[in-house]
Structure formats: C-alpha cells, structure tokens
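**Student:** Before anything else, here's the structure in question.
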Amino acid sequence: MKNNVTIKDVAKLAGVSISTVSRVINDSKPVTDEVKQRVLDVIKETGYVPNPLARSLVTKKSKLLGVIVPEVSDSFVNEIVNGIECVTKMYGYDILLANTYSEKSQELKSIDLLKAKQVEGIVMISWTLDEDHIKSINNSGIPATYISKTAQTFDVYTVSTNNEDATYDMTKYLIDKGHKEIALIMTSEADTILETERRRGYERALTDNNIAINPDIIRYGNTDHDNGYKVMAELLDEGIKPDAVFVTGDEAAIGAINAILDKGYNVPNDISVAGFNNTKLSKMYRPKLTTVGQPLYDMGAVAMRMVIKMINGETLEEKKFVLPYEIIERESVIEKK
6 MKNNVTIKDV AKLAGVSIST VSRVINDSKP VTDEVKQRVL DVIKETGYVP
56 NPLARSLVTK KSKLLGVIVP EVSDSFVNEI VNGIECVTKM YGYDILLANT
106 YSEKSQELKS IDLLKAKQVE GIVMISWTLD EDHIKSINNS GIPATYISKT
156 AQTFDVYTVS TNNEDATYDM TKYLIDKGHK EIALIMTSEA DTILETERRR
206 GYERALTDNN IAINPDIIRY GNTDHDNGYK VMAELLDEGI KPDAVFVTGD
256 EAAIGAINAI LDKGYNVPND ISVAGFNNTK LSKMYRPKLT TVGQPLYDMG
306 AVAMRMVIKM INGETLEEKK FVLPYEIIER ESVIEKK
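Residues in the sequence shown are numbered from 6 upward in steps of one, following this note's numbering.
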C-alpha cells in the first residue's frame, strides 16, 4: 500500500464510514468489537498514521508538551530534560523543545509559539524568571511548572532542592576536612533568592564553626567553564590562595580547577575544589569533582509529572516541590593534615 494512506482509504478498505474510523482512532464513541478490530487490522496492514492536527481537533488534545530551556547544551539542563522526556514518553506525549539562549525576548516568543502549537502543558527552565514570564504563561491558560533559581519568588508550581542547607552542608564538609579559608564562587551576581540562600548557608556554616567571614574570598562568576576559570585566576593573581574553593556550579568548578593547575598549583593537594549539581561532567573530569548532588533527572521527571497531573485535573498537594540532595565525595577534596 502507498505511504500516503488517508483516513478515506482506511474507511473504504474496512467497509465503514470515515466517522467510524475516527471514532476507533480517537476512542471517542463506542463501536462494536468486530468493527473496531476490522478498522485496526486495516490500519496495521496499510501503515496508516493519523494526522495529529486533525486528531487534536476531534479529541481537543494535541498530546504535545512544551519545554523551554535556556541552553540545551548545558549539562545541568540536558540532564533535567532527560527526566522530562522519560515521563512524556511514559504518558504518550511528544515534546516541543524551545531553546532560548537565555534571552528573555526569546523566552517570551517561545511561550507564544508553544501556545500557537496548542501544547497542553509547559515546563520552563530559566536562569532568571520574572513577572513577564509568569504573566504570559498564566494568560495562555496552559498548566506550567518552573525550574529556576528565581522561581521561589512567585506563587507558581516549582521543583527545586534546599539550596541554603545544601550549601551549608558542603561548607561544613570542607571545614570537617580541615579547611578554614574557604573561598565561595557563586554562579550569579544577581540578587535572587537562590544566591541569598546559598550565601546564607555558606556564612552560617562558617559562623557555626567559629571561622570569620572574609568578603574578599566571596566572588561571583557564571555557570560556564570560562567564567569559573576567570574568577579563580583573579583570586590567585591577587595573592589569595585559599585552602578550598566551593563553586556553586560543576562546569564553573572545573574551570576553577584548570585555573589552579595553570597557575602551578595542584588539586587537591594545594587547593581543594567542590562543585554543585553532580552533572555527568563532574564524573568525567580528573580529578573527579566532589559536589552537591542535585537529582537533576528527578527534577525534570517530577516537573513534567506535575504538569500532566494538572492537565488531567488531579490535585497537587503542594506547589513548591523540594527534592533531597546529597554530598558526593570524589577526588577534588582532600583532608588537610
């Protein structure tokens, strides 16, 4: 049979009306078991694939879900997307992925595009979420869940970890390893809830262990390798050689390691380095990175499951879903003698 089989061809071969074929495909109205089987046999024999747009007009469901990401190649993002994709397949949905390159104008355009494509739900991953994003999605009427360092500011459905406690625990871990001068390189200088929580966790751990807070070794960079390298190199060029460096992003932490090595020091013998997120990159680089393990795959899976529950009219017990973290011990931190 030719590849461009139509619903009209299926109806003719099965000896039924077009509307009957439509009812079988969409399971919209009952037909007899004998007729249903006959139609299904013809569909299998011919390889007929229903037109998704035409089907959505009948069922009022597109079976499409939108995912907005700031940078699809980012290791943090793609591990979350893996979790999202697993859940969408499990529930028989397809994904429309919008890569915005962290540009707000592109994020807003992506929301409009996904609305035009009649997606049933959206997961939005954004480095900086603001009221314009929330308003745009709310106005679309599309159920949404957000993964963003600024999402906690808004009354929206979010998935995250407890960043203050995680930062506290990693700082305490470094202290327990004998490190007293611990530099903190945060991956954003923006005054967000995330950065406030992380700095608070770091400072609280120092205070609880009678270590003075030194503002000179608290620096800001970005999530990428080059910025982690740049900030670490600046510290060393200023004559500041800390016992340990805690970088709140794995890729930036690896950049910091490379800067330390290029300046003639050893990791971890001269300076220990810790990261945040436990991306695949943290296990591939040598020395393997000690890091805060965020369950990135699970974050994506939970975010999409929340969206599907909303689509199905199910009740969500909480809006802000907080997942557990752990300290992953590897090779980049050593116990100081």
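Just so you know, even glycine gets a beta-carbon here, dropped at the ideal spot from N, CA and C.
(1) Just tell me which of Y53, L70, T105 has its CA closest to the CA of S78.
(2) Restricting to Cα atoms, I'd like to know which of R224, E125, S165 is closest to P148.
(3) DSSP three-state call for A103: helix, strand or coil?
(4) Using only the alpha-carbon positions, how far apart do L62 and D14 sit?
(5) Measuring CA to CA, which of V47, Y96, E76, N263 is closest to L70?
(6) Could you name the residues that DSSP lists as bridge partners for F251?
(7) Under 8 angstroms, with one C-beta from each stretch per pair, do the segment 158–175 and the segment 202–214 reach the 3-pair mark?
(8) Report all residues from its chain with a CB closer than 6 angstroms to the CB of S193; omit the five preceding and five following residues, and keep chain order.
(9) Between H184 and the rest of its own chain, which residues show a CB-CB distance below 7 angstroms, the 5 nearest in sequence each way excluded?
(10) Helix, strand or coil for L62? Go by DSSP, reduced to three states.
(11) What would DSSP say about L321, mapped onto helix, strand or coil?
(12) At least one CB of chain B closer than 9 angstroms to the CB of K342: is that the case?
(13) Classify E136 as buried or exposed, calling it buried when 16 or more other Cβ atoms lie within 10 Å of its own Cβ.
(14) Quick one: what's got a C-beta closer than 8 angstroms to A261's C-beta in the same chain, skipping five residues either side?
(15) With distances taken from CA atoms, which of N31, T25, K34 is nearest R43?
(16) If you reduce the DSSP assignment to three classes, tell me which class E108 lands in.
(17) Can you tell me whether T163 is helix, strand or coil according to DSSP?
(18) Grab me the residues of Y2's own chain with a C-beta within less than 6 angstroms of its C-beta, minus the 5 sequence neighbours each way, in chain order.
(19) If we count Cβ pairs, one from each stretch, closer than 8 angstroms, do we get three or more for the segment 295–315 versus the segment 262–272?
(20) Between M289, I259, N282, A217, which lies nearest to V272 when the distance is taken from Cα to Cα?
(21) How many whole angstroms separate the CB atoms of I130 and V74, which I take to be in contact at a CB cut-off of 8 angstroms?
(22) Terminal residues of the continuous beta strand (DSSP E) containing R224?
(23) For W132, which residues in the same chain have their Cβ closer than 6 angstroms to its Cβ, ignoring the five residues on either side in sequence?
(24) Under the rule that 16 or more other beta-carbon atoms within 10 Å means buried, what is A344, buried or exposed?
(25) If the criterion is Cβ atoms closer than 9 angstroms, does the pair V3 and I313 meet it?
(26) Between T284 and S80, how many whole angstroms is the CB-CB distance? I'm expecting something under 8 angstroms.
(27) With a CB to CB cut of under 6 angstroms and the five nearest residues on each side skipped, what residues in its chain are close to T18?
(28) Which value, in whole angstroms, describes the spacing of the CA atoms of L101 and Q111?
**Tutor:** Straight from the coordinates:
(1) T105
(2) E125
(3) strand
(4) Here L62 scores only 49 on pLDDT, less than 50, and its place in the model is too uncertain to base an answer on.
(5) Y96
(6) L189, A279
(7) yes
(8) E200
(9) D248, A249, S277, K341
(10) At L62 the pLDDT is 49, less than 50, meaning the model places this residue with poor confidence; the figure from the coordinates comes in the next sentence. Three-state DSSP puts L62 in a helix.
(11) coil
(12) As a matter of chain content, chain B is missing from the structure shown, which is built from one protein chain.
(13) exposed
(14) I190, G233, Y234, V236, M237, V250, V252, V278
(15) T25
(16) coil
(17) strand
(18) An answer regarding residue 2 cannot be provided, because it is not within the stretch 6 to 342 covered by the chain.
(19) no
(20) I259
(21) 5 angstroms
(22) 223–225
(23) P75, S107
(24) For residue 344 there is no data in the structure shown, the boundaries of the chain being 6 and 342.
(25) Outside the displayed range of the chain (6 to 342) lies residue 3, so it cannot be described from this structure.
(26) 4 angstroms
(27) Rather than Thr, the amino acid found at residue 18 in this sequence is Leu. For L18, where only same-chain residues beyond five positions count, the Cβ hits under 6 angstroms are V47.
(28) 15 angstroms
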